[in-house]
Amino acid sequence: MTTRDILLDHVSIRFGAYTAVDNAYLTIKGGEFFSFLGPSGCGKTTLLRCISGFVDPSEGRVLIGGKDMGGVGPNKRPTALIFQNLALFPLMSVAENIAFPLEVRGVGRKERRKRADELLELIALPGTGDKKVHELSGGQRQRVAIARALAVEPDILLLDEPLSALDLKLRQHMRSELRAIQQRVGLTFIYITHDQGEALTMSDRVAVMNRGVIEQIGDPESVYERPKTAFVAAFVGETNQIPGIIAGQDGQIAVLDTPLGRLSGRAGGGRSYKQGDRCLLFIRPERLRLADPAGDGVNRIAARHVTEEFEGSIRHLFLKAEGHELRVSLVNDGSMATSRRADDTVTVTFDAGFAMVLPEDGAPDGAA
Ligand code: ATP
Numbered sequence: 464m465t466t467r468d469i470l471l472d473h474v475s476i477r478f479g480a481y482t483a484v485d486n487a488y489l490t491i492k493g494g495e496f497f498s499f500l501g502p503s504g505c506g507k508t509t510l511l512r513c514i515s516g517f518v519d520p521s522e523g524r525v526l527i528g529g530k531d532m533g534g535v536g537p538n539k540r541p542t543a544l545i546f547q548n549l550a551l552f553p554l555m556s557v558a559e560n561i562a563f564p565l566e567v568r569g570v571g572r573k574e575r576r577k578r579a580d581e582l583l584e585l586i587a588l589p590g591t592g593d594k595k596v597h598e599l600s601g602g603q604r605q606r607v608a609i610a611r612a613l614a615v616e617p618d619i620l621l622l623d624e625p626l627s628a629l630d631l632k633l634r635q636h637m638r639s640e641l642r643a644i645q646q647r648v649g650l651t652f653i654y655i656t657h658d659q660g661e662a663l664t665m666s667d668r669v670a671v672m673n674r675g676v677i678e679q680i681g682d683p684e685s686v687y688e689r690p691k692t693a694f695v696a697a698f699v700g701e702t703n704q705i706p707g708i709i710a711g712q713d714g715q716i717a718v719l720d721t722p723l724g725r726l727s728g729r730a731g732g733g734r735s736y737k738q739g740d741r742c743l744l745f746i747r748p749e750r751l752r753l754a755d756p757a758g759d760g761v762n763r764i765a766a767r768h769v770t771e772e773f774e775g776s777i778r779h780l781f782l783k784a785e786g787h788e789l790r791v792s793l794v795n796d797g798s799m800a801t802s803r804r805a806d807d808t809v810t811v812t813f814d815a816g817f818a819m820v821l822p823e824d825g826a827p828d829g830a831a
């Protein structure tokens, strides 16, 4: 463990009989951009508040740089927290806002201004120190809030849905800004969000939480491509979900009898299934391809065309097969005819390696 690593050592947090965080065990490495991703109420904020010292674990320990943080107050921890609501001071200039934490600590005026100017360079807003906060755009204010948090030179920046108040376009722009700032300063960023797009685009690693439990930890690609639980598969990205009963398993490939026929996919999380197990087959819309209806082979689904949406670079087809909705995303390569009509029969296929077979109520089997 380096001096900046964080270890959540079997942390549980309870409010009365309610368990908000259930046995979280993970290491966040110094310099990592690490996100906690999950729906509202899954315990992300509570875990973040525990790292920053505002909530004590009911069980387990938080270690920063190998040091047990038990009894160490928020001000004594090498962490700074940025909330959803920025709370910049409207009557102060940008530089005064950034330097405010230094003023509280008794740093002199000249030194404060120098530091504020350096931080303004860092957040790519040089020369704006004398502006008033209301003269800045939402995204610029967000960067100022980050600069203010960085003024006290924390090792770890904790960000609680900092982009949620911004409009979509600005939010998307700020993703790359935040990532760039993190890489420039080389600090550990711990980011919480319910927005999977944010978590996937910015993070080195993501922990996906569901009802207080961390169901999976991994880099964005592995969480997206190899979900270990049905919750992770359904929560992270778009997916099609087909229920079935296990007919057999051959190595990594599980075969399922489903209302849409016999289909196969990878046994998620390296599980071994027994014949008769109830499972779900997950297949991403972009992994489904149109197939020749007269062809043969495995993993073919005959469906009915319902409608389609043209999104410029991608065409989304909405199909129905045996009452199940299927979504297919096709890259627009310019050659596609749009001659499909409602109720036309469409055959789609997929490679078993791209589908995941997961238990219906998959208990997490290790979150490494
Ligand atoms: P959101 O995205 O909506 O902020 P979250 O994933 O951050 O959600 P938390 O704020 O961590 O969720 O809350 C997790 C659960 O713990 C919720 O059911 C919440 O009501 C409960 N909880 C949080 N703080 C307290 C508290 N101080 N006392 C009692 N229950 C609490």
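With positions in the sequence shown counted from 1, the corresponding number in our numbering is that position plus 463. The beta-carbon is built from N, C-alpha and C at its ideal position, and this holds for glycine as well.
Outcome for Q679 when other beta-carbon atoms lying within 10 angstroms are tallied against a minimum of 16: buried
Beta-carbon proximity check, E566 vs R575, cutoff 8 Å: yes
contact_flag[the stretch 509-523, the stretch 610-618] where n(CB pairs < 8 Å) is 3 or more: no
R767 and K783 closer than 8 Å at C-beta: yes
For V695 and G760, the rounded distance between their alpha carbons: 30 Å
Endpoints, the beta strand (DSSP E) within which Q679 is located: V676 to G681
Helix, strand or coil at P706 according to DSSP, with G and I counted as helix: strand
8 Å Cβ cutoff met for R752 and F817: no
Cβ pair L588, R572 closer than 8 Å: no
Residue range of the unbroken alpha helix (DSSP H) whose run includes E559: V557 to V567
Any non-hydrogen atom of ligand 1 within 7 Å of Y654 CB: no
Exposure of I777, with buried meaning 16 or more beta-carbon neighbours within 10 Å: exposed
Inter-stretch contact (C-beta, 8 Å, three-pair minimum) for the stretch 495-512 and the stretch 648-656: yes
Nearest candidate by alpha-carbon position, reference D720, set R729, V791 and R741: R741
Per DSSP, the bridge partner or partners of F497: I653 and R668
Residue environment, N703, which counts as buried when at least 16 other CB atoms sit within 10 Å: buried
Ligand 1 heavy atom lying under 7 Å from the CB of S503: yes
Rounded C-alpha distance that separates H779 from Y687: 19 Å
beta-carbon F478 near ligand 2 non-hydrogen atom, thresh 7 Å: You won't find ligand 2 in this model; what it holds is ligand 1.
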